[in-house]
Ligand SMILES: [Zn+2]
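Residue numbers (the numbering used here): 262 to 342.
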């Protein structure tokens, strides 16, 4: 999966992955907007945590950008097809 020597970043990445899965599960079962928004907020919060960590941590290389999503919503159609 992730190639990083930093255990802290791995932990954050794992958490982010879990939040993404949770958000996707909500979309699949047509969760109400309020629930979806709070799930998106969690994803955003952890994503920012990861960005902040990488900026400060000497173990984390600047080339590590795979986990930084550019969209606010997951690519639902790509994942389903
Ligand atoms: Zn790190």
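Positions of the beta carbon are idealized from the N, C-alpha and C atoms, including for glycine.
Only a predicted model underlies this, so the values are computations on that prediction, with no experimental measurement involved.
Item: Any non-hydrogen atom of ligand 1 within 7 Å of residue 275 CB; Value: no
Item: Given residue 286 as reference, the closest of 273, 316, 274, 301 once Cα atoms are compared; Value: 301
Item: Residue 278 versus residue 319: straight-line alpha-carbon distance, rounded; Value: 23 Å
Item: Pair within 8 Å by beta-carbon distance, residue 307 and residue 283; Value: no
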